[in-house]
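J.:
Numbering (this note's numbering), first residue to last: -6 to 328.
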């Protein structure tokens, strides 16, 4: 394969119902110089037969057996057999827009190494798309339009797992799929952030994200909220925490309490504040809950915000910006 080639990594497990739509959307791409590394993660339906039938017709498609178990091991297996200059990932139940590969590879060729190509996404479902997913789609696409994905990286995964493309050398610098940390897509987004890969802004809708009741992100324990909170705290302490600055935790809901426990376990000192009059002054885990104005008495504080209410989030953001604080520097939304 030549230097313009793209390797598409596709772990699959029991997605026979959706595989034909997925693979056909790749075969129909306007950019034809690609290879598929499709890794069977111990399917018990006829997914493997379907993949073999496509591979027999198209030599660009290679079917592999997962050398381990689970999506991370499947991605490692796929990547170890890949040859492309550019690397991307695809979910076996999703659909590409016809110009997805052409658009993304052109972005990378035009911008060079040190960049990650993205695209807008759209959820679809036979049962209808819920408000939560509609909200996530809107939020993610708003960031992608301006390439500001990292500005809210501690809220939620800002790089959709099946809609990114990078130069192989940049993926290697970010550690590729060596990490064992779940959620694996969020972990990779943080490692792109750590390496300073710039998100290329785009208005192009490039990926159709299928939602259904038994999709992995809904059913696997690895995508539970405690995993998301662990990964946020891990990378905050590694990448953005300033030991010279006082740490503030804003919020005393379930997420705030969970984060407080983790900080206490790590013996990390923090001031706990909230804007809920019913909780100000209470002792929780032997920590006094202060009024949020206590922040004004702290010099160069870093503030972790765990308040879930959207209106409260807007109030907190406006208040902190008015105080001259900067997002992903002085304050970080963990919700």
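Backbone N, C-alpha and C fix where the C-beta goes; we use that ideal spot for every residue, glycine too.
1) Quick one: using the 10 Å Cβ neighbour count with 16 as the cut-off for buried, is residue 249 buried or exposed?
2) Please confirm whether residue 298 and residue 244 have their CB atoms less than 9 Å apart.
3) Across the segment 186 to 202 and the segment 96 to 116, are there enough close Cβ pairs to call them in contact, namely three or more that are closer than 8 Å?
4) Leaving out the 5 sequence neighbours to the left and right, which residues in its chain are closer than 7 Å to residue 94 when beta-carbon positions are compared?
5) At the level of alpha carbons, what is the spacing between residue 3 and residue 308?
6) When the Cα of residue 38 is compared with those of 8, 143 and 254, which residue comes out closest?
7) Can you check the segment 131 to 204 for any beta strand (DSSP E) of at least 3 residues that lies completely inside it and give the ranges in chain order?
8) Where are the alpha helix (DSSP H) runs, 4 residues long or more, that stay fully inside the segment 216 to 257, in chain order?
9) Within 10 angstroms of the Cβ of residue 52, are there 16 or more other Cβ atoms? Answer buried if so, exposed if not.
10) By the 10 Å Cβ neighbour count, where 16 or more other Cβ atoms means buried, how is residue 77 classified, buried or exposed?
11) Apart from the five residues on each side of it in sequence, which residues of its chain come closer than 7 Å, Cβ to Cβ, to residue 84?
12) What number of angstroms, rounded off, separates the C-alpha of residue 5 from the C-alpha of residue 219?
13) Output the distance between the C-alpha atoms of residue 317 and residue 144, rounded to the nearest integer angstrom.
14) Taking 8 Å as the limit between beta carbons, can you name the residues of its chain near residue 188, skipping five residues before and five after?
15) Can you give me the C-alpha to C-alpha distance between residue 103 and residue 75, rounded to a whole angstrom?
16) Look up residue 128 in the DSSP assignment and give the residues it is bridged to.
17) Under the rule that 16 or more other beta-carbon atoms within 10 Å means buried, what is residue 286, buried or exposed?
18) Which residues does DSSP list as the beta-bridge partners of residue 329?
19) Tell me whether residue 33 sits in a helix, a strand or coil according to DSSP, three-state version.
20) Whole angstroms are fine: how far does the CA of residue 69 sit from the CA of residue 176?
21) Mapping the DSSP letters down to three states, classify residue 211 as helix, strand or coil.
22) May I ask you to report which of helix, strand or coil DSSP gives residue 319?
23) Below 6 Å CB to CB, which residues in the same chain sit around residue 11 once its five sequence neighbours on both sides are set aside?
24) Going straight from the alpha carbon of residue 146 to that of residue 183, what length do you get?
25) Rounding to the nearest angstrom, what Cα-Cα distance links residue 136 and residue 237 in this structure?
26) What's the gap between the Cα of residue 106 and the Cα of residue 257?
27) I'd like to confirm the pairing. Which residues does DSSP put opposite residue 110 in its beta bridges?
28) So residue 283 is in the beta strand (DSSP E); what residue range does that whole segment cover?
29) Please name the residue in 247, 194 and 284 whose C-alpha comes closest to that of residue 108.
30) Helix, strand or coil for residue 264 per DSSP?
31) Taking residue 204 as the reference, give the member of 148, 119, 47 and 174 with the closest Cα.
32) Looking only at DSSP bridge pairs, what is residue 79 linked to?
33) Answer yes or no: do residue 81 and residue 152 have a C-beta to C-beta separation smaller than 9 Å?
34) Going by CA-CA distance only, name the one from 57, 202 and 291 that's closest to residue 127.
35) Compute the Euclidean distance between the alpha carbons of residue 328 and residue 125, then round it to the nearest angstrom.
T.: Looking at the coordinates:
1) Result: buried.
2) For residue 298 and residue 244, yes; Cβs fall inside 9 Å.
3) Contact between the segment 186 to 202 and the segment 96 to 116 is established, with three or more Cβ pairs separated by less than 8 Å.
4) Taken in chain order, the residues that qualify are -1, 22, 24 and 27.
5) Their Cα atoms are separated by approximately 42 Å.
6) Ranking 8, 143 and 254 by Cα distance to residue 38 puts 8 first.
7) For the segment 131 to 204, the continuous beta strand (DSSP E) assignments of 3+ residues that do not extend past its boundaries occur at 157 to 160, 191 to 193 and 198 to 203, in sequence order.
8) Entirely contained in the segment 216 to 257, the alpha helix (DSSP H) runs reaching 4 residues are, in chain order, 218 to 228.
9) Exposed, because fewer than 16 other Cβ atoms sit within 10 Å of the Cβ of residue 52.
10) In the assembly as shown, residue 77 is a buried residue. Its beta-carbon has 16 or more other beta-carbons within 10 Å.
11) Only 154 and 155 meet the Cβ criterion.
12) For residue 5 and residue 219, the distance between alpha carbons rounds to 25 Å.
13) Rounded to the nearest angstrom, the two C-alpha atoms are 16 Å apart.
14) Exclusion of the five residues before and after residue 188 leaves 163, 166 and 167 as the residues of its chain whose Cβ lies within less than 8 Å of its Cβ.
15) Their Cα atoms are separated by approximately 23 Å.
16) Per DSSP, none; premise fails for residue 128.
17) Counting Cβ neighbours within 10 Å, residue 286 comes out exposed, since fewer than 16 surround it.
18) This structure gives no information on residue 329, because the portion of the chain shown stretches from -6 to 328.
19) Here residue 33 sits in strand by DSSP.
20) Approximately 15 Å between the Cα atoms of the pair.
21) With a pLDDT of 46 at residue 211, under the threshold of 50, the modelled position of this residue cannot be trusted, and the question is left open.
22) Of the three classes helix, strand and coil, the one that applies to residue 319 here is coil, per DSSP.
23) For residue 11, where only same-chain residues beyond five positions count, the Cβ hits under 6 Å are 86.
24) Cα-Cα distance, rounded: 8 Å.
25) Computed Cα separation, rounded: 31 Å.
26) Each residue's Cα considered, the two are about 41 Å apart.
27) Partner(s): 158 and 193.
28) For residue 283, the enclosing beta strand (DSSP E) stretches over residues 280 to 284.
29) Scanning 247, 194 and 284 for the CA closest to the CA of residue 108 turns up 194.
30) For residue 264, the secondary structure class from DSSP, reduced to helix, strand or coil, is strand.
31) If we check each option's Cα against that of residue 204, 119 comes out closest.
32) According to DSSP, residue pairing for residue 79 in a beta bridge involves -1 and 160.
33) Taking 9 Å as the cut-off, the beta carbon of residue 81 is found no closer than this to the beta carbon of residue 152.
34) Per the Cα distances, 202.
35) Using only the alpha carbons, I get a separation of about 13 Å.
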